[in-house]
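Notes follow the structure.
Residue numbers (this note's numbering): 1351 to 2038.
Laid out in structure tokens, this is it:
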């Protein structure tokens, strides 16, 4: 490899990062070169002088977390992962021998199957702590990581055994600061006094449309002071000593999260420095050569890395991280001998495993015609389960009394600055941040949940989507699942939300029909390792079905199952339903039987699981020969055609709801035994 000694190693390393980023974007003919070039000195200083991270073990539990929230600058992260020599990790959390990012990977930036995609992608490239694409998501998720660090320290640290003391760093840009989710998350972090959280604000004052003065003129520093943050400023991103002093300021702060405002130059050293042209497109071959000349890099050599830069990273973050990790491992072995139960919890948590016998905590609920709202039965199961799984924790967006997600057993407590052991979280009326914070907690291997009304899932949609994209087992709990909200009216009555959630790849959406389906839903959800779930629960009581006369609720694990058949066993019509409408389908079945029509009732609590079943099973539940089918759900009819066919009927919502008592709404929109029975008769008539 080529070497150079004409400039000091820090400058050479920073400029090498800039060169790699320019070359990666230029080779791809796509990307964002300007931000990596401007923030390279800051990222380099953080990684080389502060970040407690072992590239040889990038999933070491007490490592510092680094989040590149301005994810369009991903070339900066890929360069750091490459130069640091980060090792790859497989889906079973085993560290592999190969590098996470090779130089060849950098050369395929933004290409199909490249380990260097256009934005950081969790579970795709080791060393990426969270997927960041939509601006604001990274910083909001970092709050959840910091929360997890505080909770883990409170539960597991003991005198002489400081197992968890990691810091969380996030680099954010002007776009992050404009997005509303960052304000929600910053407000929460300030209230919680998360002193292990540091946001580094890349204030380059340029966005795609031009200078930020076009739309963004607020004083960000003053805003964060009002949130209760410690705020410090670096006047020039190229001043490594000033960056170091600011990071020391963060390290010394033990009462508040820290915002470091860094004034940088987007596209530093290039002909388009400080302009929008440096933001979202390659510099061009001639401009790259001119910039390399300015930076003291070989003009005609692409992806140039001097040997001493590799050596510098080996002596810096790799040596420091390895020593810190080895010391932690040694300390953990001592800890294991003194606190075996706690050590077992930590190890299970890291593997996303649950304690032995956790399923014994799940109750069986006796039949009851009056029944319970599924939000109530879910709250009971959640409390039982949380006592068996100490790292199951979460909260609501100010709705725990309604969503029934408060943990009420002795010692559950509330997570606050004066009680880091609390397992109940008050996210405030911040649905978007709540979901992202729960994601951050899940990324730190806690079993986290958050909750709200189903209608407000729209406010959290981007974070819900990212939990599915990242394949992390965040639990999203939604109550008030239908027009059963009644008098609150159409603004609070979800119609299209179920279809919207079901449209997300990788998200398991459950709408259980009674208390025992709730139990079985939690049995599935608690054991998930790489999938998020959405629980959609009723406000109104639903009868607890008599399982001595109907099929066992264990069928939930298959997504859909035959709940009841006609005495002959040969159905004339199939009634499919979820949630509160399952009881309605059973009533309609009895009405049809009086007319000599045999109806099968199929409960479909989770479409995604049902669609994964072998074809033979799906045909056993929904025999192709039985074309008379009626689906019943108080939601948009979109999607039911896959189960009822082109000629089947769907009793569902085709408009928004209305403000009225529940019984009036059910009659108005056709959710009555008479209407369902007639739809079934019509189906039988046209199918014979």
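Every residue, glycine too, gets a C-beta built ideally from N, C-alpha and C.
Measuring alpha carbon to alpha carbon, tell me which residue in the options is nearest residue i.
i, options, result
"residue 1488", "1586, 1809 and 1423", "1423"
"residue 1359", "1505, 1656 and 1508", "1656"
"residue 1419", "1921, 1486 and 1626", "1486"
"residue 1990", "1853, 1916 and 1889", "1853"
"residue 1681", "2015, 1551, 1403 and 1514", "1514"
"residue 1999", "1452, 1829, 2037 and 1807", "2037"
"residue 1862", "1611, 1919 and 1909", "1909"
"residue 1835", "1701, 1670, 1867 and 2007", "2007"
"residue 1503", "1467, 1769, 1979 and 1755", "1769"
"residue 1412", "1886, 1507 and 2002", "1507"
"residue 2033", "1937, 1996, 1522 and 1578", "1996"
"residue 1677", "1491, 1510, 1660 and 1662", "1510"
"residue 1481", "1499, 1494, 1417 and 1429", "1417"
"residue 1857", "1381, 1878 and 1472", "1878"
"residue 1823", "1829, 1785 and 1809", "1785"
Hey, could you find the ends of the alpha helix (DSSP H) residue i is sitting in?
i, result
"residue 2018", "2012-2019"
"residue 1798", "Segment 1797-1803 is the beta strand (DSSP E) holding residue 1798; no alpha helix (DSSP H) there."
"residue 1685", "1669-1688"
"residue 1494", "1487-1506"
"residue 1523", "Not the alpha helix (DSSP H): residue 1523 falls in the beta strand (DSSP E), residues 1518-1523."
"residue 1933", "1931-1944"
Please classify residue i: does DSSP put it in a helix, a strand, or coil?
i, result
"residue 1663", "helix"
"residue 1550", "strand"
"residue 2025", "helix"
"residue 1815", "helix"
"residue 1598", "helix"
"residue 1899", "coil"
"residue 1658", "helix"
"residue 1700", "helix"
"residue 1511", "strand"
"residue 1545", "coil"
"residue 1404", "coil"
"residue 1911", "strand"
"residue 1364", "helix"
"residue 1753", "helix"
"residue 1643", "helix"
Near residue i, which residues of its chain fall below 8 Å by C-beta distance, leaving aside the five closest residues on each side in sequence?
i, result
"residue 2039", "Lying outside 1351 to 2038, the shown extent of the chain, residue 2039 is not represented and no answer is given."
"residue 1967", "1908"
"residue 1357", "1365 and 1646"
"residue 1684", "1511"
"residue 2035", "none"
I'd like to confirm something about residue i: is its beta-carbon nearer than 7 Å to some heavy atom of the ligand HEM, or not?
i, result
"residue 1429", "Ligands in the displayed structure: none, and consequently the ligand HEM is not present."
Excluding the five sequence neighbours on either side, which residues of its own chain have a C-beta within less than 6 Å of the C-beta of residue i, listed in chain order?
i, result
"residue 1847", "1804 and 1807"
"residue 1686", "1693"
"residue 1832", "1984"
"residue 1468", "1460"
"residue 1894", "1715, 1717, 1718, 1721, 1864 and 1865"
"residue 1591", "none"
"residue 1354", "Legend: pLDDT at residue 1354 = 42, less than 50; position of this residue unreliable, no value from coordinates given."
"residue 1941", "2023 and 2027"
"residue 1386", "1371, 1423, 1425 and 1426"
Kindly list the residues whose CB is nearer than 7 Å to the CB of residue i, restricted to its own chain and excluding five residues on each side of it in sequence; keep chain order.
i, result
"residue 1671", "1402, 1403, 1404 and 1405"
"residue 2029", "1980, 1999 and 2001"
"residue 1900", "1913 and 1914"
I'd like the span of the beta strand (DSSP E) that includes residue i, first residue to last.
i, result
"residue 1588", "No beta strand (DSSP E) holds residue 1588; DSSP gives it neither H nor E."
"residue 1471", "First-last for residue 1471: undefined, no H or E at that position."
"residue 1718", "1718-1722"
"residue 1608", "1608-1613"
"residue 1983", "1979-1986"
"residue 1776", "1774-1776"
"residue 1860", "1858-1860"
"residue 1787", "Not the beta strand (DSSP E): residue 1787 falls in the alpha helix (DSSP H), residues 1781-1793."
"residue 1427", "It is not in any beta strand (DSSP E) - residue 1427 instead sits in the alpha helix (DSSP H) that spans 1424-1434."
"residue 1416", "1415-1418"
"residue 1950", "1949-1953"
Sufficient close CB pairs (3 or more, under 8 Å) joining the segment 1945-1958 to the segment 1740-1756: no
Examine the Cβ distances between the segment 1941-1950 and the segment 1918-1926 and report whether three or more of them are shorter than 8 Å. yes
If contact is defined by three or more beta carbon pairs under 8 Å, each pair taking one atom from either stretch, is the segment 1531-1542 in contact with the segment 1792-1799? Contact between the segment 1792-1799 and the segment 1531-1542 is absent: fewer than 3 CB-CB pairs across the two stretches fall below 8 Å.
Any 3 or more C-beta pairs closer than 8 Å across the segment 1539-1555 and the segment 1516-1523: Segment contact: the segment 1539-1555 against the segment 1516-1523, three or more CB-CB distances shorter than 8 Å; contact assigned.
Contact between the segment 1971-1987 and the segment 2014-2026 is defined here as three or more beta-carbon pairs at a separation below 8 Å; is this criterion met? A contact between stretches requires three or more CB pairs, one per stretch, nearer than 8 Å, and the segment 1971-1987 meets this requirement with the segment 2014-2026.
Report yes or no: do three or more beta-carbon pairs, one from the segment 1628-1642 and one from the segment 1596-1603, lie closer than 8 Å? no
Within 8 Å, do at least three Cβ pairs link the segment 1556-1568 to the segment 1537-1544? no
How do the segment 1611-1629 and the segment 1377-1391 stand: do at least 3 beta-carbon pairs fall below 8 Å, yes or no? yes
Given 8 Å as the limit, is there contact between the segment 1430-1440 and the segment 1691-1708, that is, 3 or more CB pairs closer than that? no
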